[in-house]
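Student: Dropping the structure in here first, questions after.
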Amino acid sequence: MQKGKRKSDEDGVSSPKKKKLNSSQTTVRKEQDSKIKNIKNKTNLKGKKNNKDGLKGFKKFTKNDKGSKFVKTKEKSNFSKDEANGEKPKWAEMKKEKKQLRTVRRKAKITAEVFEISHKAKLLAAQIQRKVVKSDFKINSCKELHNMLKGQYKSIALTHDLSRVIQVLLKHSPEDIINEITKELLDIIVQMGQSKYAHHSVKRILKYGTDFIRHEVLKKFYGHVVSLSTHAISAPVLDYAYGEFASKKEKCHMQQEFYGEIYKNTKDDKVKTLRDAYKDSPEMKSAILQACKANLQKILDKNLHDGELFHSVLYDYICECSQEDRVDFISILSPLIVPLSNSLPGVNAASMCVWQGTNKDKKTILKVVKEHAIPLSKHKTGYRLLIAIFDSVDDTVLVKKTIVSTLAANIKDIAKDHWGNMVIHWLVKPKDTAAFHPCLIKFLEDGAKSGTSKKDTEIRVSELREAILPALKKDMETDPKFWLSNKSNMLLAVAVLSIESSKEILHALAKVICETDWHMQVEGKDDTLAIEDAGIHMCLKKLASLDKEKSADTLGEAISEHLNDETIKVWIRTNRGCFFLLKLIESNSEEVDKKLKAKLKPHVNILKQQSSEGAKLLLQNVQNK
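Residue 142 in UniProt numbering is what sits at position 142 of the sequence shown, and the numbering runs on without skipping anything.
Next comes the structure, spelled out in structure tokens:
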């Protein structure tokens, strides 16, 4: 090799020569190097990755005069010298430098004019959000901010920082400003719904906008319903619009897009269910069901099965599809049974899975429900799933082990809740018309008949009742005041005593009923005398009616022992109190009848002074016999 000759020349390949910098570029490069050197010297940073005494690494950038060329430096600070000299780290200077570098980086990405506007907008939005700001200042600031951003909403709506400014305006602005902002954004409302940052603005438009604006937004969703339902960000937004603001007609139009491409751009007001889509043309049934199945499967594949819109279409499909498709869907939906129960159509579909599922599917459902038994029992629609399980699963041993035992262990906590009370009531006395609406009873009866259950209904009811009754009877005996505190609890107490009663429970209840100061709290009213409350009075009469079927250990007998003169004086001055005493006399034996009349005779003069119908009838009964 010749001296001074490069290796690349020997191989026949010439290495590229370094370009020379002109004077201006050299000056810029020197300035950049000096800035980085000064930052490192001031903060005493080192380039090591592992430094226990230093801070975590962060990125710093510099910018030249020609463009956005950045120099990346990974820095970690070491304060060993400062600590040895007794000096504290200069945090304020470090933060200031970091903020300046961040500002330089932002300026490099956008124009100076837009940067200044965005900076002012964010400062003004921060002032608007303060709780101590007066309403006049807030409105004026919203107008100023709107005038600043007017005409640029489309360009800033999808950004992470200025989208927050739009959210502030939509929340705090007057109606006219909200309308102007929405009109400007309507053309990109679908893209906003799918944006990580802008979808919050769509929710604000729906929440704070007028009814006209909301319906305009829903119209913009038409044609994109399926794609929005299968997008992780837009699916909750669409479900929020569907569940909270859509009218019945708009809900039907949104559901129609799942039935096929034919309904993507055109809507039919006559089509309200899946069956209506092929009612006039039966030859289209197979194609429509296939399209609906494919769209539902897309949502299930994306794990976006929480929406009410999806639940509505799913229930329609399960009711109309073939037996083979239904079996396939039930096996897919069994592990998802709890989130399905969040809406009324969803819990109806979940009940279908319970009724028509195989034994394997039912075991899977019970395994999933076991962990959520208490929350489901208190949910406004979830409680229906538990009732469907009680009404159709033949394996009562497994049902008692997974669900009923949990309910029995938390009996009072569940009974406090209206829906939880209904679940326990169904276990004690199913299809009780005093507690359940006839439509619910019919729905559950029809579903159970169409299902795969083979066990006798009476046997299933008695086996489940055995698991809940002991806990109820024990709690009624120890805390009778709770079970006489409101109408729902008293109806449950009536159901329990109509099945199985005991002397201890009757006397515990009678002590509370015969208390002179037995009052109850009603929302929006002062404490009222319990005997005068319409719901309590109805339940007391039901309890008294149960004595007709018993020869011993009756409520009338227990009350005749605990009833005192002070309580009698309170009762006979009220119409409902007199009717309750009259019901006790009519429903019990002659022995109890005589005891009650003997206690009432000293107060006949008070009865004569009363003008109520109940007092007249009671007086007549006491005097004639």
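Cβ atoms here follow ideal geometry from the backbone N, Cα and C, with glycine treated the same way.
1) Under 8 Å between the Cβ atoms of LYS583 and ILE606?
2) Alpha carbon to alpha carbon, how far is GLY556 from SER502?
3) Flag this pair as yes or no: are the beta carbons of ILE499 and VAL428 separated by less than 8 Å?
4) For a quick check, are the C-beta atoms of ALA544 and PHE580 less than 8 Å apart?
5) How many Å lie between ASP395 and LEU464 at the Cα?
6) I'd like the list of long-range same chain contacts for HIS537, defined as Cβ closer than 7 Å, with 5 residues on each side in sequence excluded.
7) Let me confirm a value: THR528 is counted as buried when at least 16 other C-beta atoms fall within 10 Å, else exposed. Which label applies?
8) Distance, Cα to Cα, TRP426 vs TYR383?
9) For THR567, which three-state DSSP category applies?
10) From which residue to which residue does the alpha helix (DSSP H) around GLY151 run?
11) Does the separation of the CB atoms of LYS272 and CYS292 fall below 8 Å?
12) So does the region 215-224 actually touch the region 253-271, counting three or more Cβ pairs closer than 8 Å?
13) Taking ALA287 as the reference, give the member of LEU300, SER312, ARG275 and GLY260 with the closest Cα.
14) Please state if the CB of TYR315 and the CB of ALA349 are separated by a distance shorter than 8 Å.
15) Suppose only complete runs of 4+ residues qualify. What are the alpha helix (DSSP H) ranges in the region 192-278, listed by chain order?
16) Going by DSSP, what residue range makes up the alpha helix (DSSP H) through GLU466?
17) Pairs of beta-carbons, one from the region 437-456 and one from the region 368-382, closer than 8 Å: are there three or more?
18) So who's on the other strand from HIS519, going by DSSP bridges?
19) Rank GLU371, ASP328 and ASN342 by C-alpha distance to the C-alpha of ILE353 and give the top, closest one.
20) Here's the rule I'm using: 16 or more other beta-carbon atoms within 10 Å means buried, otherwise exposed. How should PHE310 be labelled?
21) How is ALA84 classed by DSSP in three states: helix, strand or coil?
22) So is SER195 buried or exposed if we call it buried at 16+ other beta carbons inside 10 Å?
23) The alpha helix (DSSP H) spanning ASN179 covers which residue range?
24) Look at the alpha carbon of VAL397 and the alpha carbon of GLU324, and state the distance between them as a whole number of angstroms.
25) On the DSSP letters alone, give me the boundaries of the alpha helix (DSSP H) that VAL404 sits inside.
26) Mapping the DSSP letters down to three states, classify ALA121 as helix, strand or coil.
27) Please state the DSSP three-state secondary structure of ILE536.
28) Going by alpha carbons, who is nearest to LEU169 out of ILE233, THR516 and LYS207?
29) Excluding the 5 residues preceding and the 5 following THR364 in the sequence, name in chain order all residues of the same chain whose CB lies nearer than 7 Å to its CB.
30) Would you kindly work out how many angstroms separate the C-alpha atoms of LYS541 and VAL494, rounded to a whole number?
31) Which residue's Cα is closest to the Cα of SER412: TRP483, ILE387, LYS367 and GLN356?
32) Judging by CA-CA distance, which residue of LYS474, ILE559 and CYS578 is the nearest neighbour of LYS511?
33) Give me the Cβ distance between ILE585 and ASN624, rounded to the nearest whole Å; I'm assuming they're in contact under 8 Å.
34) If residue 633 and ALA467 are in contact, beta carbons under 8 Å, what's the gap, nearest whole angstrom?
35) Buried or exposed, going by whether 16 or more other CB atoms sit within 10 Å of the CB of TRP355?
36) According to DSSP, is HIS379 helix, strand or coil?
Tutor: So, to answer that:
1) no
2) Each residue's Cα considered, the two are about 13 Å apart.
3) Contact: yes.
4) yes
5) 10 Å
6) ILE531, ARG576 and PHE580
7) Exposed: under 16 other Cβ atoms inside 10 Å.
8) 10 Å
9) helix
10) Note, GLY151: premise wrong, no alpha helix (DSSP H); not H, not E.
11) no
12) Contact holds: three or more Cβ-Cβ distances are below 8 Å.
13) Of LEU300, SER312, ARG275 and GLY260, the residue nearest in Cα terms is GLY260.
14) Cβ atoms of ALA349 and TYR315: closer than 8 Å.
15) Qualifying alpha helix (DSSP H) stretches, in chain order: 199-208, 211-221, 225-229, 234-244, 248-256 and 274-277.
16) Its alpha helix (DSSP H) spans residues 457-478.
17) no
18) LEU529
19) The amino acid occupying residue 353 in the given sequence is Cys; Ile does not appear at that position. Of the candidates GLU371, ASP328 and ASN342, the one whose C-alpha sits nearest the C-alpha of CYS353 is ASP328.
20) Residue burial annotation: PHE310 is buried, with at least 16 other C-beta atoms found within 10 angstroms of its C-beta.
21) Note that ALA84 scores 49 on pLDDT, short of 50, meaning its location in the model is unreliable and no value can be drawn from it.
22) buried
23) 175-185
24) 30 Å
25) Note, VAL404: premise wrong, no alpha helix (DSSP H); not H, not E.
26) helix
27) helix
28) LYS207
29) Answer for THR364: SER334 and PRO335, listed in chain order.
30) LYS541 and VAL494: Cα-Cα distance of roughly 10 Å.
31) Checking the displayed sequence, the identity of residue 412 turns out to be Lys instead of Ser. Measuring from the Cα of LYS412, the nearest candidate turns out to be TRP483.
32) ILE559
33) Between ASN624 and ILE585 the Cβ distance is about 11 Å, and since that is not below 8 Å, they are no contact.
34) Look at the range of the chain in this structure, 1 to 625, and you will see that residue 633 is not part of it.
35) buried
36) coil
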